[in-house]
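Asks: Please see the structure below; I have some questions.
Protein chains in written order, with the numbering used here: chain A, 118 to 531; chain B, 118 to 531.
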């Protein structure tokens, strides 16, 4: 790679540093950092935008805020004039599972792929500037490769290198089958970078292996090597696993304001700072203040969560919706003066139940007659609403809060 | 596979057994044996010949008697009406080494491939019936495969299975690189069987992995599975390594009668029986007798070797040449009454040398004057021929025998 830095004047060098600080902020790894500076310098000298690549699986078009970690980063590039390459991996999607063993990876039709891609593009539009984004389908170039091309491609990588990918080596040593075609997915992803001459590829830290592949292949094909940026993975609402649809621990960016706000309130306290850092568009300074105030106790976690919920709703539904979601939440929960430590009860029985039976089952009251009396006195609330009818049947939902008097509360976990 | 056996009458069942005994004779492994009987039965019921496949590397057209182990087996199939498929692996030959690291595996032109194939075909004609042999170039079908086909093909095999191949697992554990494209060679060889619907594939025992691949792929593609026949490898003249051109331990079938006979005489005694079994066309009964007579001492190894040399020359040059080669050998060596244990001298110096200097260098005589005297007395022989001129210069050749008097001999090794 040419040394673009040496042709820059002082102002331009400052501009490189300015952009570098923004892009590197929050990234887990930039490989290599000097390369990122060179790329920025190149775009200044050539007056051409950088091409920022993101590969997408064509099967899962429900975008959640776990995805936005990368999207927010791409948005920063766009704000400085660069261009985003969104690549739909439709080639593999159309093949499905060649071993025929997995029903999960089923073959997609052209229409399904197109539909999913469009859904992605629309949802991404809530974060990205669509004017500075290009959508590609990788079948366009991959379908033209023949066996000779494939062998040349395969000749650029060793088996040992592929087995360095964690899931491959773990499966191999556990005696679980790796089908040979799986070795091709990283190669194809890498070849996308060759074909599109991407400058920078973004990915979560779990994509470490795959995104580095593009760098190696570009070099093999005599192209300028892309810079790889790995971004931290956001844990989901459970505070343990990476946010994902399959784990049911996500906040979808297309969900109702009420849902987004409510789910945000259920995030574990210790993840607050990470969520602010990775999932919000607040200025760096404000993020820093929030972290410090949580640390020294001047900001209560509950208030921080409200600010987070409000910010997330504002990002995807606007200021008015954010205001409304917050006041609604307050009226239901906070005005009912809920304590901070409501016991959570794992509910294993039928989800439709009379309130009277529910109160007895939860051991909140000792008998059905006592339960009826308490309802008659107006002392039983479900999610902050007074129960009027002693014969009421309810359908339990996850997170539902049952109150008896001013002190006794149970939260249902399904 | 259909059960072809059940439709056969008694005579036909006998015919299956007759052919089976011939084909299985001398084979190290038939996978599976019942499958071979079914294939024979099928050819009897359908009146169609079986297709017997042999894959050939397009780079090494010098056929030696190590190759003839397989060819002799194919000849047996031909003698019973079946057809031989000779497949030139030109597709990989034309690609060369995609990593660009090996100069050994260099790219071949179309002309070179064609020339090599023709050379094979002509040389094989000394063993095979060319009328019942078909020549194929696998680039014909492999060049049409695209990435999608390749992925489907790769989906039929696991990485663990490929790593079972000895050389792969050994290289991996020794930290030596295996380029990913190497995983494709067994797949391509297997795909040849799919395309040509081969009934039986032959190979040396070192081809165990590759020839079984065809069986698996045929099944994956819904074809009748081929039967695999593995034949023993013939050790070369050194008695240690597999006979091969690169080890310089081979007898080429295109070599002069004199060379074939002479090289045969240098085979270690303990390999006699194996050579008779695998490399000659003698009837089974005669092979058996030779083995027994060598065992009980009624046949001297030297006489067995003469018979072997004579047989090999007869197979590739005819009866007259065999007769002549034997009597020439006898006149040179046996009439000179060579001892059985001539010391071999590794020659590191200039290969053109005066006989006088040679005799001194070899310590066969203590001075040049003594050497000249001995030549004058007619007591020095080279390869059985008396040296007449004391000023003679000779060009040493590998295996050349220098004699002084009736007792002192040295054999030159270059």
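Backbone N, C-alpha and C fix where the C-beta goes; we use that ideal spot for every residue, glycine too.
Measuring alpha carbon to alpha carbon, tell me which of A/131, A/309 and A/429 ends up nearest residue 205 of chain A.
Replies: Ranking A/131, A/309 and A/429 by Cα distance to residue 205 of chain A puts A/309 first.
Asks: Can you tell me where the beta strand (DSSP E) holding residue 203 of chain A begins and where it ends?
Replies: Residues 200 to 205.
Asks: Determine the closest residue to residue 393 of chain A out of A/258, A/482, A/189 and A/329, with distance taken between C-alpha atoms.
Replies: A/189
Asks: Quick check for students: name the residue ranges of the beta strand (DSSP E) that lie wholly in the region 136 to 204 of chain B, counting only runs of 3 or more.
Replies: Those beta strand (DSSP E) runs which fall completely within the region 136 to 204 of chain B and span 3+ residues are 146 to 148 and 168 to 173.
Asks: Determine the direct distance from the alpha carbon of residue 283 of chain B to that of residue 353 of chain B, and round the result to whole angstroms.
Replies: 22 Å
Asks: Using 10 angstroms around the beta-carbon of residue 152 of chain A, count the other beta-carbons present and answer buried if the total reaches 16, otherwise exposed.
Replies: Under this definition residue 152 of chain A is a buried residue.
Asks: Scan the region 291 to 307 of chain A for residues whose Cβ lies nearer than 7 Å to a Cβ of chain B and list them as they occur along the chain.
Replies: 294, 295, 296, 297, 298, 300 and 301
Asks: Assess, as a yes-or-no matter, whether the region 410 to 421 of chain B is touched by the region 459 to 469 of chain B under the definition of 3 or more beta carbon pairs within less than 8 Å.
Replies: no
Asks: Using a threshold of 8 Å, state whether the C-beta atoms of residue 472 of chain A and residue 512 of chain A are closer than that.
Replies: no
Asks: Please compile the residues from chain A whose C-beta is within a distance smaller than 8 Å of the C-beta of residue 275 of chain B.
Replies: Chain A residues near residue 275 of chain B: 294, 295, 296 and 297.
Asks: Taking C-beta to C-beta, are residue 195 of chain A and residue 227 of chain A nearer than 8 Å?
Replies: Cβ distance not < 8 Å, so residue 195 of chain A and residue 227 of chain A don't count as in contact.
Asks: Assuming residue 259 of chain A contacts residue 208 of chain A (C-beta within less than 8 Å), just tell me the rounded distance between them.
Replies: 4 Å
Asks: Assuming residue 276 of chain B contacts residue 300 of chain A under a Cβ cut-off of 8 Å, what Cβ separation, rounded to an integer in Å, is found between them?
Replies: 7 Å
Asks: From residue 130 of chain A to residue 155 of chain A, what does the alpha carbon distance come to, in whole angstroms?
Replies: 11 Å
Asks: Does the beta-carbon distance from residue 485 of chain B to residue 370 of chain B come in below 8 Å?
Replies: No; because the gap between Cβ atoms is not below 8 Å, this pair is not in contact.
Asks: Closest Cβ-Cβ distance between residue 212 of chain B and chain A: below 8 Å?
Replies: yes
Asks: Which residues in chain A sit within 8 Å of residue 263 of chain B, going by Cβ to Cβ distance?
Replies: 260, 261, 262, 263 and 264
Asks: Any beta carbon of chain A sitting closer than 8 Å to that of residue 472 of chain B?
Replies: Interface with chain A (8 Å Cβ-Cβ cutoff): residue 472 of chain B is excluded.
Asks: Does the distance from the C-beta atom of residue 81 of chain B to that of residue 517 of chain B stay below 8 Å?
Replies: The structure shown does not extend to residue 81 of chain B, since chain B is modelled only from 118 through 531, so no value can be given for it.
Asks: If you pair each beta-carbon of the region 355 to 371 of chain B with each one of the region 331 to 347 of chain B, do three or more pairs fall below 8 Å?
Replies: Three or more beta-carbon pairs separated by less than 8 Å are not found between the region 355 to 371 of chain B and the region 331 to 347 of chain B, which leaves the two stretches without contact.
Asks: Going along the chain, which residues of its own chain have a beta-carbon closer than 6 Å to the beta-carbon of residue 313 of chain B, five neighbours each way excluded?
Replies: In chain order, 202 place their CB closer than 6 Å to the CB of residue 313 of chain B, counting only its own chain and leaving out the 5 sequence neighbours on each side.
Asks: Which chain A residues are close to residue 230 of chain B, counting only those with a beta carbon under 8 Å from its beta carbon?
Replies: One finds nothing in chain A with a Cβ atom closer than 8 Å to the Cβ of residue 230 of chain B; even the nearest lies about 15 Å away.
Asks: Would you call the region 371 to 385 of chain B in contact with the region 401 to 408 of chain B, where contact means no fewer than 3 C-beta pairs closer than 8 Å?
Replies: Contact fails: fewer than three Cβ-Cβ distances are below 8 Å.
Asks: So if DSSP puts residue 250 of chain A in a beta bridge, which residue, or which two residues, is it bridged to?
Replies: A/201
Asks: Label residue 138 of chain A either buried or exposed according to how many other C-beta atoms from any shown protein chain fall within 10 Å of its C-beta, with 16 as the threshold for buried.
Replies: exposed
Asks: Roughly how many angstroms lie between the CA atoms of residue 443 of chain B and residue 368 of chain B, to the nearest whole one?
Replies: 16 Å
Asks: By the three-class DSSP mapping on this structure, what secondary structure does residue 296 of chain B have?
Replies: The three-state secondary structure of residue 296 of chain B, taken from DSSP, is strand.
Asks: Using the Cβ count rule (16 or more neighbours within 10 Å means buried), how would you classify residue 271 of chain B?
Replies: buried
Asks: Can a CB atom of chain B be found closer than 8 Å to the CB of residue 329 of chain A?
Replies: Residue 329 of chain A does not count as touching chain B.
Asks: Using beta carbons (cut-off 8 Å, strictly below), is residue 268 of chain A in contact with chain B?
Replies: yes
Asks: Please report how far the alpha carbon of residue 143 of chain B lies from the alpha carbon of residue 351 of chain B, in whole angstroms.
Replies: C-alpha of residue 143 of chain B to C-alpha of residue 351 of chain B: approximately 12 Å in a straight line.
Asks: Determine, for residue 289 of chain B, whether the minimum Cβ-Cβ distance to residues of chain A falls below 8 Å.
Replies: Cβ-Cβ to chain A under 8 Å: yes for residue 289 of chain B.
Asks: Checking 8 Å against the spacing of the C-beta atoms, do residue 132 of chain B and residue 169 of chain B come in under that value?
Replies: no
Asks: Is residue 328 of chain A near residue 147 of chain A, with beta carbons less than 8 Å apart?
Replies: no
Asks: Quick one: which unbroken beta strand (DSSP E) runs of 3-plus residues sit fully inside the region 483 to 525 of chain A? Chain order, please.
Replies: If we require 3 residues or more, the beta strand (DSSP E) runs fully inside the region 483 to 525 of chain A come out as 497 to 499, 510 to 512 and 518 to 521.
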